[in-house]
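Asker: Dropping a structure here in structure tokens format, bear with me for questions.
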Amino acid sequence: MGMDFLLIMKSEMSLTLIIFFLLFLKIAELIKDNKTLLHVANFLLLGHFILGLFFNKEGVLFNGMYFSTSVLIAEKSILHLGAFLISLQAFDWLKHNKHLLEFYILMLSTLLGMDFMISSGNFLMFYLGLELSSIPLAALCNYDLNKRKSSESAVKMILSSAFASAILLFGISFLYGVTGTLNFAEMAPLLGSSKLQILAFIFVFTGFAFKLSAVPFHLWTADVYEGAPAPVTAYLSVISKGSIVFIFITAMFQLFKTYEGLWYNMFYLIILLTITVGNLFAIRQSNIKRFLAFSSIAQVGYILLGLSSGTSVGASSAIFFLVVYTFSNLGAFGVVSLVSAHAGREDIDDFKGFYANNKFASWVMAICLFSLAGIPPTAGFFGKMFLVTAGAAKGNYALISIAVMNMVISLYYYLRVVKAIFIDENEKPLPALTGSLSLKISLVICIVGAISMGFASGLFDYLNTITGK
Amino acid sequence: MLMINLSILLIIPLITAVIVMVCQNANQVKWTALLGSVAQLGYSSALMVHYISDRAAGNTAQMLYETRYSWFSKMNIEYYVGVDGISVAMIMLTAVVVLTGILISWNVQKMVKEFFFLILLLSVGAYGFFISLDLFTLFFFLEVAVIPKFLLIGVWGSGKKEYSAMKLALMLMGGSAFVLIGLLALYFNTDTGGGAHTFDLLKIAHMQIPIAAQRFIFPLMFMGFGVFTALFPFHTWAPDGHSSAPTAASMFLAGISMKLGGYGCLRVATYLMPEAAHEYSWIIILVSTIAIIYGAFATLMQTDLKYINAYSSVSHCGFVIFGIGMLNQTAINGAVMQMVSHGLMTALFFGAIGMIYERTHTRQVAQLGGLLKTIPFIMTVFVIAGLCSLGLPGLSGFVAEMSVFMGAWQNPETYNRTATVLACASIVVTAVYILRAVGSTGMGPIKNADYLNFRDAAWNEKLASATLIICILAIGIAPFWLNNLVSPDTQLIMTNVTRTVILK
Numbered sequence: 000m001g002m003d004f005l006l007i008m009k010s011e012m013s014l015t016l017i018i019f020f021l022l023f024l025k026i027a028e029l030i031k032d033n034k035t036l037l038h039v040a041n042f043l044l045l046g047h048f049i050l051g052l053f054f055n056k057e058g059v060l061f062n063g064m065y066f067s068t069s070v071l072i073a074e075k076s077i078l079h080l081g082a083f084l085i086s087l088q089a090f091d092w093l094k095h096n097k098h099l100l101e102f103y104i105l106m107l108s109t110l111l112g113m114d115f116m117i118s119s120g121n122f123l124m125f126y127l128g129l130e131l132s133s134i135p136l137a138a139l140c141n142y143d144l145n146k147r148k149s150s151e152s153a154v155k156m157i158l159s160s161a162f163a164s165a166i167l168l169f170g171i172s173f174l175y176g177v178t179g180t181l182n183f184a185e186m187a188p189l190l191g192s193s194k195l196q197i198l199a200f201i202f203v204f205t206g207f208a209f210k211l212s213a214v215p216f217h218l219w220t221a222d223v224y225e226g227a228p229a230p231v232t233a234y235l236s237v238i239s240k241g242s243i244v245f246i247f248i249t250a251m252f253q254l255f256k257t258y259e260g261l262w263y264n265m266f267y268l269i270i271l272l273t274i275t276v277g278n279l280f281a282i283r284q285s286n287i288k289r290f291l292a293f294s295s296i297a298q299v300g301y302i303l304l305g306l307s308s309g310t311s312v313g314a315s316s317a318i319f320f321l322v323v324y325t326f327s328n329l330g331a332f333g334v335v336s337l338v339s340a341h342a343g344r345e346d347i348d349d350f351k352g353f354y355a356n357n358k359f360a361s362w363v364m365a366i367c368l369f370s371l372a373g374i375p376p377t378a379g380f381f382g383k384m385f386l387v388t389a390g391a392a393k394g395n396y397a398l399i400s401i402a403v404m405n406m407v408i409s410l411y412y413y414l415r416v417v418k419a420i421f422i423d424e425n426e427k428p429l430p431a432l433t434g435s436l437s438l439k440i441s442l443v444i445c446i447v448g449a450i451s452m453g454f455a456s457g458l459f460d461y462l463n464t465i466t467g468k
Numbered sequence: 000m001l002m003i004n005l006s007i008l009l010i011i012p013l014i015t016a017v018i019v020m021v022c023q024n025a026n027q028v029k030w031t032a033l034l035g036s037v038a039q040l041g042y043s044s045a046l047m048v049h050y051i052s053d054r055a056a057g058n059t060a061q062m063l064y065e066t067r068y069s070w071f072s073k074m075n076i077e078y079y080v081g082v083d084g085i086s087v088a089m090i091m092l093t094a095v096v097v098l099t100g101i102l103i104s105w106n107v108q109k110m111v112k113e114f115f116f117l118i119l120l121l122s123v124g125a126y127g128f129f130i131s132l133d134l135f136t137l138f139f140f141l142e143v144a145v146i147p148k149f150l151l152i153g154v155w156g157s158g159k160k161e162y163s164a165m166k167l168a169l170m171l172m173g174g175s176a177f178v179l180i181g182l183l184a185l186y187f188n189t190d191t192g193g194g195a196h197t198f199d200l201l202k203i204a205h206m207q208i209p210i211a212a213q214r215f216i217f218p219l220m221f222m223g224f225g226v227f228t229a230l231f232p233f234h235t236w237a238p239d240g241h242s243s244a245p246t247a248a249s250m251f252l253a254g255i256s257m258k259l260g261g262y263g264c265l266r267v268a269t270y271l272m273p274e275a276a277h278e279y280s281w282i283i284i285l286v287s288t289i290a291i292i293y294g295a296f297a298t299l300m301q302t303d304l305k306y307i308n309a310y311s312s313v314s315h316c317g318f319v320i321f322g323i324g325m326l327n328q329t330a331i332n333g334a335v336m337q338m339v340s341h342g343l344m345t346a347l348f349f350g351a352i353g354m355i356y357e358r359t360h361t362r363q364v365a366q367l368g369g370l371l372k373t374i375p376f377i378m379t380v381f382v383i384a385g386l387c388s389l390g391l392p393g394l395s396g397f398v399a400e401m402s403v404f405m406g407a408w409q410n411p412e413t414y415n416r417t418a419t420v421l422a423c424a425s426i427v428v429t430a431v432y433i434l435r436a437v438g439s440t441g442m443g444p445i446k447n448a449d450y451l452n453f454r455d456a457a458w459n460e461k462l463a464s465a466t467l468i469i470c471i472l473a474i475g476i477a478p479f480w481l482n483n484l485v486s487p488d489t490q491l492i493m494t495n496v497t498r499t500v501i502l503k
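So the sequence lines, in the order shown, correspond to chains A and B.
Just so you know, we're using numbering that gives the first Met the number 0 here: the first sequence kicks off at 0 and counts up by one.
Just so you know, we're using numbering that gives the first Met the number 0 here: the second sequence kicks off at 0 and counts up by one.
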């Protein structure tokens, strides 16, 4: 063991160290200047992300409680990259906030929880990670202390995630009752066709659907997203959701593989509802954060469509899509953060005539929205194509047709925003907003990612190799 | 002689677009765009000369200058390009229309940089589409054009531009959604051994796609590409889109974008699924005959010059589909020639309308009159475009439509012959609306004293019109030249189409 142990748990270790270091900074009050603190935090997160790419080791720890495989490491790296980008985007918002270190400590705690959750091989570890990743989020949602909506968002977040956890726990307790174990690997072969087991599976599935905000379990999403500060919304919609998708892949593809026939039917229904309802509601939104919330609900539907294939190509398509989605969605949220931090506006109408004074930010927004809509040459096109292709392998063309037709609907509402930015006239458009260097760097990274990922075929091939193992 | 690498056709406009974005002022932007498109036309011509000499030297491979890179190996997606005579003709058409479009847009004032950037991006999509031999690549390029089209119409358009831009973007996206479903179904019905599937167009052509699958896929594909070519009843984006778009975008939309659909119907739908093409040919003929006649009569009712040309485009593109639906070599030859001819003719038409509009600020036929006296050059161009549209011998429109009708008549069944007669009759209607439009704008008293002060065509407008007119005349006078270029390949397509039917 010895060194191996450190390498296998490297990402958790380094995250814990960063959290303690930031706590130390907070207590010792060594650095008084907010901007310096933010730079320190950004560098630590960048370092953490880069460290996650090297010296990785696969292995199993604590009697199957903790797993580390290439796939899981790749998944964690996506989350770490996203967290780094969000940290860059939060700069403008946090630079005058006296609680900024607490923000980082809370955010990194949730990230730590997600890392543990993704790596878990046992329901105990899974649940621990899940709670660690969701409870601090409620505090983050409440970070705009003087806004009522922010508090509302936090309360909704905590209640809904407690409810989802309760359902999940209910299912887990049934599973434990019928199999006598909490370990994934031991449980999988014991699952059969008894009604109680299937009921337990449905409970667990529902808990996941809640966390993924799949329709009909999506009602909390829009309110929480609207009230939370823009970077926190970005965190919820990309990192938090991404981590649930990753553990969901493990659960469906390894633990509940026996029920593939059953879960395909459940997927079918949920995909139909999620894509259609998400899209139809997104059309009606006037607040840009609510708009992105509903559009991200629809995106989850496409991820589920890829996963419904039950093949390794489906898994790698979903992971690839999340990379693309991270860049595209964070790019869009970066612009929202910029406008929200400097102009205090969050309505789609406020973006009318945005192009007049903010050329770069407008292009970032447009390209990211086109990527979310799945229009080439952006990476979103490839992400969606792979998901749909993976889903089509089942030969269920009714489902594929509805999913593809929904892409047309989604194009409509993405184009509405693009129209507001480029075409609509506005007598008093937003003035030129100069974001901080950090924010600009994050926008550049996002736009490069959103354009180049589709042509970087190496990534998709790599994901296919590791998921195929 | 220089080596032909088809990817250069994509690289030239891409590099030009990038340079345009870093230019300092409007003049630099325009000259860069112009030089880029001249270079592109030069390279396309070189490609054509090279292609003809290679064919003359006895190279009988189906596709020339193939390049193939693995793109996403797990799903057998490749960047795979190559050309045959049909694609070479379409590439030449694109190069000419883009060049003339850039010349016509010389006086764009608003956001010049973005305008030329988007035009160039649009052309990349078209070139890519015509050279792709992998269905995934083909679909990629088909959709690339959505963003530029939306923005070009929305930002630089006129009239109810937001509505038209949205309608066009959504309808074309809907069309490509049909194509996508068809593509996926086709992909999963191919088998290259060991359960692997392929998007490779040539490989699929030599496979036997199960007839049940064809019955399902063919209509999806044909409908999807049909939306692009404004096939009845999916034509409604065309009049609104064309009339709201800025001149260069109208030229591109009608001249090239609609051809993507026709090319797709021929190369993807008909070529890959011949049995279904035979089964559904009666529907294709029915729908395209309706499009031809309906388009012609709808044009009669229009009062706006751009709407006149847009509806007549619906009618003329109906001939393309009509020719394909007849499923014999003469008719398909005619369909390809009609694509090229209509592309040139409609670009010229929209160009002339744009020049008139720039001066008079109206496109209403009733408000125009006597323009032949004040701006003779532009009006002459307008008359030539009109005569080509109604199929005057000696211009390209006549040759193309004649081939379609001759091919159609070869089909001895009463159904097909009736359709042919009806389609032929539409030419009379065409003559009515064209002559009426030309007559009431060009002849008669000058309706407005301002019209006397108009400046006739500037150098850029003259150059653009002359280029297009030369091409139209060349095809009209020496049709064998275009015919020789495309007929070996239409023949190849027909062999595939008939061969599989005999096997059955």
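No residue lacks a Cβ here, since even glycine has one placed at the ideal position from N, Cα and C.
Source: prediction; values computed, not measured.
#1: Does Asp-449 of chain B pass the burial test, meaning 16 or more other C-beta atoms within 10 Å, or should it be called exposed?
#2: Does Arg-416 of chain B come out as helix, strand or coil in the three-state DSSP assignment?
#3: Taking 7 Å as the limit between beta carbons, can you name the residues of its chain near Gln-301 of chain B, skipping five residues before and five after?
#4: Using a Cβ-Cβ cut-off of 7 Å (strictly less than) and excluding sequence neighbours within five positions of Lys-503 of chain B, which residues of its own chain qualify?
#5: Taking Cβ-Cβ distances below 8 Å as the criterion, which residues of the stretch 306 to 319 of chain B are in contact with chain A?
#6: Counting only runs that start and end within the stretch 11 to 84 of chain B, where is the beta strand (DSSP E) found for 3 or more residues in a row?
#7: Is there a C-beta anywhere in chain A that falls below 9 Å from the one on Trp-70 of chain B?
#8: Thr-298 of chain B to Ser-122 of chain B, Cα distance in whole Å?
#9: Pro-209 of chain B: buried (16+ other C-beta within 10 angstroms of its C-beta) or exposed?
#10: From Asn-327 of chain B to Val-398 of chain B, what does the alpha carbon distance come to, in whole angstroms?
#11: Tell me the residue span of the beta strand (DSSP E) that contains Ser-67 of chain A.
#12: Which class does Asn-33 of chain A belong to by DSSP, given the choice of helix, strand or coil?
#13: Could you work out which residue in B:Ile-383, B:Gly-192 and B:Lys-202 is closest to Leu-132 of chain B when comparing CA atoms only?
#14: Identify the contact partners of Ile-146 of chain B in chain A, using a Cβ-Cβ distance below 7 Å as the criterion.
#15: Would you mind giving the Cβ-Cβ distance between Leu-84 of chain A and Ile-444 of chain A, rounded to the nearest angstrom? I have them listed as a contact below 8 Å.
#16: Work out the CA separation of Gln-27 of chain B and Tyr-262 of chain B for me, nearest whole Å.
#17: May I ask you to list, following chain order, the residues of the stretch 380 to 391 of chain B that have a beta carbon less than 8 Å from some beta carbon of chain A?
#18: Below 7 Å between beta carbons is the criterion; list the residues of the stretch 449 to 461 of chain A that meet it against any residue of chain B, in chain order.
#19: What does the alpha-carbon distance come out to for the pair Val-431 of chain B and Val-403 of chain B?
#20: With respect to the beta strand (DSSP E) encompassing Val-59 of chain A, which residues constitute its N-terminal and C-terminal limits?
#21: Can a CB atom of chain B be found closer than 9 Å to the CB of Val-417 of chain A?
#22: Looking at the structure shown, is Gln-196 of chain A part of a helix, part of a strand, or coil, going by DSSP?
#23: Going by DSSP in three states, Asp-303 of chain B sits in which element: helix, strand or coil?
#24: On the criterion of 16 or more Cβ atoms from any shown chain inside 10 Å, does Phe-459 of chain A qualify as buried, or is it exposed?
#25: Check the Cβ of Glu-161 of chain B against every Cβ in chain A and list those closer than 9 Å, keeping chain order.
#26: With DSSP as the reference, label Gln-284 of chain A as helix, strand or coil.
#27: Let me see if you follow: with CB-CB separation under 9 Å, is Ala-297 of chain A close to chain B or not?
#28: Hey, out of A:Ser-435, A:Gly-457 and A:Phe-200, whose CA is closest to Ser-69 of chain B's CA?
#29: Please classify Asn-182 of chain A: does DSSP put it in a helix, a strand, or coil?
#30: Using the beta-carbon count (16 or more within 10 Å), is Thr-191 of chain B buried or exposed?
#31: Kindly indicate which three-state DSSP category Asp-199 of chain B falls into: helix, strand or coil?
#32: Please state whether the Cβ-Cβ distance between Lys-166 of chain B and Asp-239 of chain B is less than 9 Å.
#33: Can you tell me which of the three DSSP states Ser-119 of chain A falls into?
#34: Looking only at C-alpha atoms, which of B:Met-442, B:Leu-179 and B:Gly-406 sits nearest to Pro-375 of chain B?
#35: Along chain B, in chain order, which residues have C-beta atoms closer than 7 Å to that of Asn-463 of chain A?
Answerer: Based on what the coordinates show:
#1: exposed
#2: helix
#3: Ile-307 and Tyr-310
#4: Confidence in Lys-503 of chain B is poor, its pLDDT being 48 and thus under 50, which makes the residue's placement too unreliable to answer from.
#5: Those would be none; no residue qualifies.
#6: 63 to 71 and 76 to 82
#7: yes
#8: Taking the straight line joining both Cα atoms gives about 29 Å.
#9: exposed
#10: 17 Å
#11: 65 to 67
#12: helix
#13: B:Lys-202
#14: Phe-369 and Ile-374
#15: About 6 Å separates the CB atoms of Leu-84 of chain A and Ile-444 of chain A; that is less than 8 Å, so the two are in contact.
#16: Linking Tyr-262 of chain B to Gln-27 of chain B through their CA atoms gives a straight-line distance of about 35 Å.
#17: none
#18: Ser-456, Phe-459 and Asp-460
#19: 21 Å
#20: 58 to 60
#21: yes
#22: helix
#23: strand
#24: buried
#25: Lys-418, Ile-422 and Asp-423
#26: coil
#27: So no, Ala-297 of chain A is outside the interface.
#28: Closest option to Ser-69 of chain B, Cα to Cα, is A:Gly-457.
#29: strand
#30: exposed
#31: strand
#32: yes
#33: strand
#34: B:Met-442
#35: Lys-73
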